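A short write-up of the structure that comes next.
In full-length UniProt numbering, the protein residues as written are 1 to 493.
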């Protein structure tokens with residue numbers, strides 16, 4: 001007698017059925033249901049929203065592509081050329097040179113004396129007024145009356161050895177007469193006489209508006225291997241006889257100091273007396289899809305320091321010149337007021353790239369769906385026939401009872417869940433007049449029983465409570481033969 005063939009474990013068969021069902025369901029295709037609503041007003045709203053979105057992406061507004069994806073503003077196709085790959089912040093070098101002479105009440109000044117520092121970098125100062133304290137030597141002298149607690153009536157008011165960080169030296173403990181007038185101040189040991197007691201003011205700004213400033217700038221965009229400068233490449237002495245003009249001499253970066261101050265909106269005489277900081281901004285915005293001749297510098301000028309704040313308005317600095325007289329060290333202290341020039345270079349370059357183009361096209365096409373969302377919301381919320389539209393748009397497909405061999409039932413058993421419940425929706429009103437034996441004949445013929453769908457007819461549809469359906473689940477659905485059910489359980493999902 002042959003040995004009985006061992007039975008395979010039930011779990012393995014269940015797992016195989018589950019795997020086959022999942023693999024088959026993976027290749028199913030789902031598509032949305034399209035419904036055409038014949039409503040002129042709603043159609044106008046839909047097309048208007050689409051038009052606004054297209055204008056948004058074509059003509060330019062906040063929201064498109066930029067080289068910096070995390071920036072606060074991003075722009076679109078035509079205005080900001082978001083089909084291009086971009087690079088911001090070019091590599092830049094700046095060389096400056098000032099020429100001109102001027103005179104004060106006591107001497108003639110040339111460029112070696114009034115330009116600080118003399119190296120010709122992107123930041124430099126042109127001295128326009130000075131306060132000179134000559135022949136200072138180390139010794140003892142009255143403190144400036146501008147220093148707090150410097151005035152005194154007797155020696156008891158001056159503590160010996162006291163050092164005021166805002167003063168000019170260490171106090172000796174004596175109360176001595178001031179440089180002028182009848183007042184007294186504490187005596188200090190330091191460079192004497194102190195600055196406020198013997199300074200002489202000189203104004204250098206008489207000829208300063210005619211000083212010429214050469215600003216030589218070259219930039220490089222490493223991503224695109226593009227370089228350019230702001231000087232005309234000519235060998236006929238062009239730079240020796242030209243001055244800057246935005247139309248006729250764009251590539252002659254020689255500016256008069258008065259022109260810079262005027263374009264910054266300042267009064268030259270006032271600025272020369274108090275000092276200030278002027279920014280010369282050079283902007284290189286280059287479209288590298290065009291020729292290099294279309295990449296040109298744009299200059300702008302503005303004051304950078306807060307002139308309306310009395311505590312910090314103006315610009316000044318101090319320096320000293322040292323020398324020896326009869327073996328003793330002597331210096332001339334100079335407090336200089338001037339116009340500081342800051343040359344600031346920035347810009348961006350762009351060139352066509354497929355990646356930002358695809359990103360922005362996909363964003364534009366996706367955003368068009370906002371029109372459909374808005375119109376669906378209007379239909380479901382505000383239209384008179386919103387129930388009709390809702391039943392037409394959303395089909396409620398019930399899941400009929402299935403044999404234990406279908407993969408949803410198998411999955412429910414594996415997960416410890418109960419099998420899917422029988423259909424609990426109302427029957428299709430269109431099947432109300434069919435004889436009951438018709439469903440039985442379909443089952444006997446090997447066809448599927450009636451589907452339990454509540455997809456409703458058009459305007460004549462009424463609520464489910466008015467169709468006369470029985471209270472039981474799938475009241476008008478004929479009985480099903482479990483042998484004829486979909487073996488994979490996919491057709492009913």
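Cβ atoms here follow ideal geometry from the backbone N, Cα and C, with glycine treated the same way.
Keep in mind the model is a prediction, meaning the values are calculated, not measured.
Sequence-distant residues of its chain with Cβ nearer than 6 Å to residue i (five each side left out)
i           : result
residue 92  : 219, 345
residue 116 : 125
residue 252 : 242, 244
residue 255 : 213, 244
residue 192 : 139, 141
residue 264 : 278, 301, 302, 303
residue 162 : 171
residue 176 : 142, 187
residue 364 : 57
Where residue i sits in the DSSP three-state scheme
i           : result
residue 221 : strand
residue 10  : helix
residue 386 : helix
residue 342 : strand
residue 201 : strand
residue 237 : coil
residue 187 : strand
residue 355 : helix
residue 391 : helix
residue 247 : coil
residue 498 : With the chain running from 1 to 493 in the structure shown, residue 498 is simply not present.
residue 332 : strand
residue 350 : strand
residue 182 : coil
residue 372 : helix
residue 277 : strand
residue 44  : helix
residue 212 : strand
residue 19  : helix
residue 35  : coil
residue 287 : strand
residue 337 : strand
residue 58  : helix
residue 24  : helix
residue 313 : coil
residue 367 : helix
residue 227 : strand
residue 444 : Any reading at residue 444 is ruled out, since the residue's pLDDT is 45, under 50, leaving its predicted position unreliable.
residue 49  : helix
residue 378 : helix
CB-CB length for residue i against residue j, believed under 8 Å
i           : j           : result
residue 103 : residue 207 : 7 Å
residue 392 : residue 35  : 6 Å
residue 86  : residue 350 : 5 Å
residue 330 : residue 135 : 6 Å
residue 201 : residue 131 : 5 Å
residue 494 : residue 122 : No answer is possible for residue 494: the residues shown for the chain start at 1 and end at 493.
residue 182 : residue 173 : Going by Cβ atoms, the distance from residue 182 to residue 173 rounds to 21 Å, so no, they are not a contact pair.
residue 287 : residue 347 : About 12 Å; that fails the 8 Å criterion.
residue 84  : residue 353 : 6 Å
residue 53  : residue 359 : That belief does not hold up - the Cβ atoms of residue 53 and residue 359 are roughly 16 Å apart, past 8 Å.
residue 111 : residue 98  : 6 Å
residue 133 : residue 195 : 5 Å
Bounding residues of the alpha helix (DSSP H) (the contiguous stretch that carries residue i)
i           : result
residue 504 : As shown, the chain starts at 1 and ends at 493. That puts residue 504 outside it, with no answer to give.
Cβ neighbours of residue i in the same chain (closer than 7 Å, five flanking residues each side left out)
i           : result
residue 296 : 250
residue 338 : 125, 126, 127, 128, 275, 315
residue 375 : 42, 45, 46
residue 383 : 389
residue 179 : 142, 193, 197, 198
residue 223 : 87
Sequence-distant residues of its chain with Cβ nearer than 8 Å to residue i (five each side left out)
i           : result
residue 10  : none
residue 230 : 215, 216, 217, 218, 251, 253, 282, 297
residue 321 : 331, 332, 334
residue 386 : 379, 380
residue 148 : 164, 166
Beta strand (DSSP E) segment containing residue i, residue limits
i           : result
residue 104 : Note, residue 104: premise wrong, no beta strand (DSSP E); not H, not E.
residue 320 : 316 to 325
residue 232 : Counting along the chain, residue 232 falls outside any beta strand (DSSP E), and DSSP gives it neither H nor E.
residue 299 : 297 to 303
residue 579 : As displayed, the chain neither begins before 1 nor continues past 493, which places residue 579 out of reach and without an answer.
residue 93  : 91 to 99
Cutoff 7 Å: residue i Cβ touching any chain D Cβ
i           : result
residue 193 : Here there is only one protein chain, and chain D is not present.
Kindly provide the ranges of any alpha helix (DSSP H) runs that are 4 or more residues long and lie completely inside the stretch 111 to 172, ordered along the chain. 111 to 114
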